[in-house]
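Chains as they are written, first to last, in my numbering: chain H, 1 to 116; chain D, 117 to 232.
A virtual CB, placed ideally from N, CA and C, is assigned to each residue, including glycine.
Number of protein chains: 2
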Amino acid sequence: MLIRVDPASETPIFAQVAASVRADAAAGRLRAGDKLPSAREVAASLGVNLHTVLRAYQSLREEGLVDMRRGRGAVVTEAVEPLAQLHHDVATLVARAKELGLSPDTLAALVKETYR
Amino acid sequence: MLIRVDPASETPIFAQVAASVRADAAAGRLRAGDKLPSAREVAASLGVNLHTVLRAYQSLREEGLVDMRRGRGAVVTEAVEPLAQLHHDVATLVARAKELGLSPDTLAALVKETYR
DNA sequence: CAACTGTTCTAATAGTCATAGAACAGTTGT
DNA sequence: ACAACTGTTCTATGACTATTAGAACAGTTG
Chain H
1 MLIRVDPASE TPIFAQVAAS VRADAAAGRL RAGDKLPSAR EVAASLGVNL HTVLRAYQSL
61 REEGLVDMRR GRGAVVTEAV EPLAQLHHDV ATLVARAKEL GLSPDTLAAL VKETYR
Chain D
117 MLIRVDPASE TPIFAQVAAS VRADAAAGRL RAGDKLPSAR EVAASLGVNL HTVLRAYQSL
177 REEGLVDMRR GRGAVVTEAV EPLAQLHHDV ATLVARAKEL GLSPDTLAAL VKETYR
């Protein structure tokens, strides 16, 4: 389980951590029942604060993507399946957007706005 | 030309203004050559600060979506065409995400992460 | 019981968002 | 030439967010 973060990015670190997990789930690299590494582990390996990682984990919990309990850790739920179902569509869209020279932020913002 | 903003949203106002223009361009309601309303007009009608609208316009310029010059205003460029081309794909993806119960933010974050 | 897990609390610093007001400098139409 | 428009730049301020730090608490596991 590898969580990546780009310190140079404008996106907050906690959002990047959550996004990294989400993307792994969508790609099938994380499945229901899998355990996330402990927040302290992730914090140490990324060189960021424990609270920053916990905030990421908590936003994943609010989305229902993980179950969390003290002592146990964070476990992926079945709510990741919808993500996996969308993976192909998302990948296709991103590929086309890349060809057209759109930035990640532009495309993400467009998707978000279209949701209304 | 109608720009919408949700004051209750977590998304910064300037980002919402930019997103609104982007969505109009993607939907074909804005085409190359069209003029955006002046920043002062938009600020007044939304009840927000001039600087907030200008920040939105400047982010659109950084994306190449508009040309801006003092005295003239902001004019939509041909760079909106890629947006229009993606419109159908984006709408399809969003429709499926809705069926699966995904939130706008989750989907947008997933798209952004998949871009890497 | 020891070692792990997330949870909660206070605190400080740095940065962003939005506001406000003023002045500046091009462009347009009269 | 002039007035009225446009975006540009500057300083300043208050509210909020992100990140860090350290400590203590409370379940879970072997």
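| What is the DSSP secondary structure of D:Asp234, reduced to helix, strand or coil? | Not covered by the structure: residue 234 of chain D. The range shown for chain D is 117 to 232.
| Any chain H beta carbon closer than 7 Å to D:Leu226 | The residue labelled residue 226 of chain D in the question sits at position 110 within the second sequence. Yes, D:Leu226 counts as interfacial toward chain H.
| message | If the criterion is Cβ atoms closer than 7 Å, does the pair D:Ala155 and D:Thr193 meet it? | response | Numbered from 1 along the second sequence, position 39 holds the residue referred to as residue 155 of chain D. Numbered from 1 along the second sequence, position 77 holds the residue referred to as residue 193 of chain D. The answer is no: Cβ separation not under 7 Å.
| message | At the level of alpha carbons, what is the spacing between H:Leu107 and H:Gly101? | response | Against the first sequence, residue 107 of chain H aligns to sequence position 107. Against the first sequence, residue 101 of chain H aligns to sequence position 101. So the two alpha carbons sit approximately 10 Å from each other.
| said: Run through chain D and tell me which residues come within less than 7 Å of H:Pro7, C-beta to C-beta. | reply: Your numbering for residue 7 of chain H matches position 7 in the first sequence. When 7 Å is used as the limit between beta carbons, H:Pro7 is near no residue of chain D, the shortest such separation being about 15 Å.
| Spatial distance of H:Lys117 from H:Val48 (CA atoms) | With chain H running from 1 to 116 in the structure shown, residue 117 of chain H is simply not present.
| task | Could you have a look at H:Arg69 and say whether DSSP puts it in helix, strand or coil? | result | Residue 69 of chain H sits at position 69 when you count from the first residue of the first sequence. DSSP places H:Arg69 in strand when its eight states are reduced to three.
| field | With 16 other Cβ atoms within 10 Å as the buried cut-off, status of H:Ser20 | value | Mapped onto the first sequence, residue 20 of chain H falls at position 20. H:Ser20 should be labelled buried.
| field | Range covered by the alpha helix (DSSP H) that runs through H:Asp6 | value | For the purposes of this step, residue 6 of chain H is taken as the residue at position 6 of the first sequence. That residue, H:Asp6, is in no alpha helix (DSSP H); it is neither H nor E in DSSP.
| Helix, strand or coil: how does DSSP classify D:Ala190 here? | By one-based count along the second sequence, residue 190 of chain D stands at place 74. It is a strand residue.
| query | Is D:Thr230 buried or exposed, if buried means 16 or more other CB atoms sit within 10 Å of its CB? | reply | Stepping through the second sequence from its first residue, residue 230 of chain D is reached at position 114. Buried, by the Cβ-count rule.
| field | Chain-ordered neighbours of H:Arg22 on chain D, where CB pairs are closer than 9 Å | value | Indexing the first sequence from 1 puts residue 22 of chain H at position 22. Chain D residues near H:Arg22: Thr222, Ala225, Leu226, Glu229.
| said: So the candidates are H:Arg61, H:Glu10, H:Ser9, H:Val42; which of them puts its Cα closest to the Cα of H:Arg22? | reply: Along the first sequence, read from residue 1 onward, the residue named residue 22 of chain H stands at position 22. Checked all of H:Arg61, H:Glu10, H:Ser9, H:Val42; the closest Cα to H:Arg22 is H:Arg61.
| Spatial distance of D:Leu249 from H:Ala74 (CA atoms) | Because chain D is modelled from 117 through 232, residue 249 of chain D falls outside the range shown and cannot be assessed.
| Using the rule of at least 16 other Cβ atoms within 10 Å of the residue's Cβ for burial, across every protein chain shown, is H:Lys112 buried or exposed? | Against the first sequence, residue 112 of chain H aligns to sequence position 112. So H:Lys112 ends up on the buried side.
| message | Taking beta-carbon pairs under 9 Å, can you tell me which members of the stretch 198-211 of chain D lie near chain H? | response | Answer in chain order: Pro198, Leu199, Gln201, Leu202, His203, Asp205, Val206, Ala207, Thr208, Leu209, Val210.
| Residue range of the alpha helix (DSSP H) that includes D:Leu170 | Here residue 170 of chain D refers to the residue found at position 54 when the second sequence is read from its first residue. Looking at the DSSP string, the run of the alpha helix (DSSP H) that includes D:Leu170 is 166-178.
| request: Could you tell me whether any Cβ in chain D is nearer than 7 Å to the Cβ of H:Leu2? | output: The sequence position of residue 2 of chain H within the first sequence is 2, counting from 1. Chain D, which has no Cβ nearer than 7 Å to the Cβ of H:Leu2, makes this no.
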